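This report refers to the structure that appears directly beneath it.
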């Protein structure tokens, strides 16, 4: 029994070392160990909470970018879209006095629309995604400045503070939201037909066309 258990561990370790994500894990682990050696505050409970919260916002954008990378595309406007959606959401809540939760739904719909514009430019007009999103990043960033005049939007309703600053069992709520969305994305890519099509198109657009997959949808 012990021998079979050891063989199982060895097989797992061998397959893990072949995975590119395992190498990334080792790098992150090394960075964390180094930081903890040079600063006694790095592994502090409150610092870890802060890191998880900051990680969540970047992680949510990364999930969207990951789907595009699977397709063999790239979106350089994601940061500008996120910023513009945040500004518009703030305007809805503060200046137009729209219900915070309705504002969030409207903002998500706008974010979807901005992404759809990028997607249509790439798929229907056969434009390079890198070039397109560099251009739209400038447009979205310009709208951001026009709407805010370079000023921050304050007095966001306290009823939604928990979405960005709250905790659940001492875990920052943004990190929990990111984990839930990550699980949904993983399920979508691994266990749905559309998700498998993403892998197929990213691997070979020509082969996908031959198989009858609509690569421009």
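Numbering (our numbering), first residue to last: 3 to 219. Heads up, the beta-carbon is just placed ideally off N, CA and C, and yes, glycines get one too. On a predicted model such as this, the values are computed, not experimentally measured, just so you know.
- Its chain contains 200, 203 and 204 as the residues whose beta carbon lies nearer than 8 angstroms to that of residue 73, once the 5 sequence neighbours on both sides are disregarded; these appear in chain order.
- Residue 78 places its beta carbon less than 7 angstroms from that of residue 135.
- If you draw a straight line from the Cα of residue 46 to the Cα of residue 95, it comes to about 35 angstroms.
- In this structure, residue 114 keeps its C-beta atom at 7 angstroms or more from the C-beta atom of residue 83.
- About 26 angstroms separates the beta carbon of residue 186 from that of residue 92, a gap too long to meet the 8 angstroms contact definition.
- Taking residue 102 as reference, the option from 215, 169 and 164 with the minimal CA-CA separation is 164.
- The beta carbons of residue 120 and residue 109 sit no closer together than 7 angstroms.
- An exposed status is given to residue 171, since fewer than 16 other beta-carbon atoms sit within 10 Å of its beta-carbon.
- Between residue 218 and residue 125, the CB-CB gap stays under 7 angstroms.
- Rounded to the nearest whole angstrom, the C-alpha separation of residue 209 and residue 43 is 52 angstroms.
- When beta bridges are read from the DSSP output, residue 173 appears opposite 170.
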